[in-house]
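Numbering (the UniProt record's numbering), first residue to last: 181 to 401.
The beta carbon of each residue, even a glycine, is placed where N, CA and C say it ideally should be.
Step one of this worksheet: look at the structure below.
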Ligand code: PMT
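Have a look at this one:
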């Protein structure tokens, strides 16, 4: 019944994790595989949307017909999002963005240290992409994700406010079958009016499909 209902809509999806280099061969990263974001891109394409998939490094094959922008660092993902954002109707930010980056990147591979010395890497805060987009929001319907290991609803609700979102998808990534690199997810949808909808454990494609149903219903109001 939903076939083609997103025709003509421009959808930006971010997926996978960003990485911050330490030296030419090492990076700080996270466990995001891209599965959640790629599922959203695939489902939106099946419904006729024009999809730009902005993705960190991932072993997955992007869905056919997506416009794919490959990035590595948080700054590159921010720049890619800003380039597409003004012309976008719906933004879904499933990417796991590196919040910190090493203050300096070594030009050469860092050599072994003496076992007793230890090594300190000073990290700086990265920009918050979603908050930046929230601050510039015009026609866009803005959906964030919240990956939490505690106080799921409180933390997700505060992200809705701080980042000026229209909806957030909260996943408790400490649950079995939820979060990073699983084929399933267990999510709750939260809205600015405080309403919450909890879904059972579902495949990431099913979560993506229901998520798009809710986005389409909310946009109409
Ligand atoms: O890729 P998979 O292996 O399938 O895993 C899926 C997932 C667990 C990565 C996904 O379901 C998920 O939860 N994605 C969001 C992960 C995350 O970064 O959550 P957060 O609570 O730290 O960030 C909140 C939101 O702000 C997210 O939409 C994030 O994209 C965005 N953000 C965060 C930090 C930052 N500097 N810039 C951002 O835009």
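Presumed contact (8 Å Cβ cut-off) between residue i and residue j, rounded CB distance
i: residue 256; j: residue 279; result: About 15 Å separates the two Cβ atoms, so there is no contact after all.
i: residue 370; j: residue 313; result: With a Cβ gap of about 18 Å, residue 370 and residue 313 do not count as contacting.
i: residue 128; j: residue 365; result: Residue 128 falls outside the range modelled here, since the chain spans only 181 to 401, and no answer is possible.
Contacts around residue i, its chain only, beta-carbon distance under 6 Å, and the 5 residues preceding and following it disregarded
i: residue 209; result: 197, 199
i: residue 222; result: 243
i: residue 311; result: 343
Residue i and residue j closer than 8 Å at C-beta
i: residue 339; j: residue 324; result: yes
i: residue 277; j: residue 230; result: no
i: residue 195; j: residue 218; result: yes
i: residue 202; j: residue 301; result: yes
i: residue 403; j: residue 182; result: Since the first residue shown for the chain is 181 and the last is 401, residue 403 is missing from the structure and cannot be characterised.
i: residue 158; j: residue 216; result: Here the chain has residues from 181 to 401 only, and residue 158 is not among them.
i: residue 247; j: residue 232; result: yes
Through-space distance from residue j to residue i, alpha-carbon basis
i: residue 205; j: residue 289; result: 7 Å
i: residue 281; j: residue 253; result: 9 Å
i: residue 187; j: residue 350; result: 27 Å
i: residue 316; j: residue 378; result: 29 Å
i: residue 388; j: residue 250; result: 21 Å
i: residue 220; j: residue 193; result: 7 Å
i: residue 285; j: residue 298; result: 18 Å
i: residue 373; j: residue 344; result: 12 Å
i: residue 363; j: residue 237; result: 18 Å
i: residue 455; j: residue 228; result: Since the first residue of the chain shown is 181 and the last is 401, residue 455 is not available in this structure.
i: residue 380; j: residue 335; result: 20 Å
i: residue 368; j: residue 226; result: 23 Å
i: residue 386; j: residue 330; result: 25 Å
i: residue 258; j: residue 264; result: 10 Å
Cβ shell of residue i (< 8 Å), same chain only, five flanking positions each side left out
i: residue 321; result: 269, 270, 271, 346, 347, 395, 398, 399
i: residue 360; result: 210, 211, 212, 213, 276, 327, 353
i: residue 267; result: 190
i: residue 184; result: 227, 228
i: residue 293; result: 299
Interface flag, residue i vs chain B, CB-CB below 8 Å
i: residue 365; result: Included in the structure is just one protein chain, with no chain B present.
Any non-hydrogen atom of the ligand NAP within 7 Å of residue i CB
i: residue 353; result: Of the ligands this structure carries, namely the ligand PMT, none is the ligand NAP.
Item to check | Secondary structure, beta strand (DSSP E): runs of 3+ residues fully inside the region 196-243 | outcome: The qualifying runs are 200-203, 206-208, 230-235.
Checklist entry - Counting only runs that start and end within the region 279-354, where is the beta strand (DSSP E) found for 3 or more residues in a row? => result Runs of the beta strand (DSSP E) inside the region 279-354: 280-282, 303-305, 321-328, 347-352.
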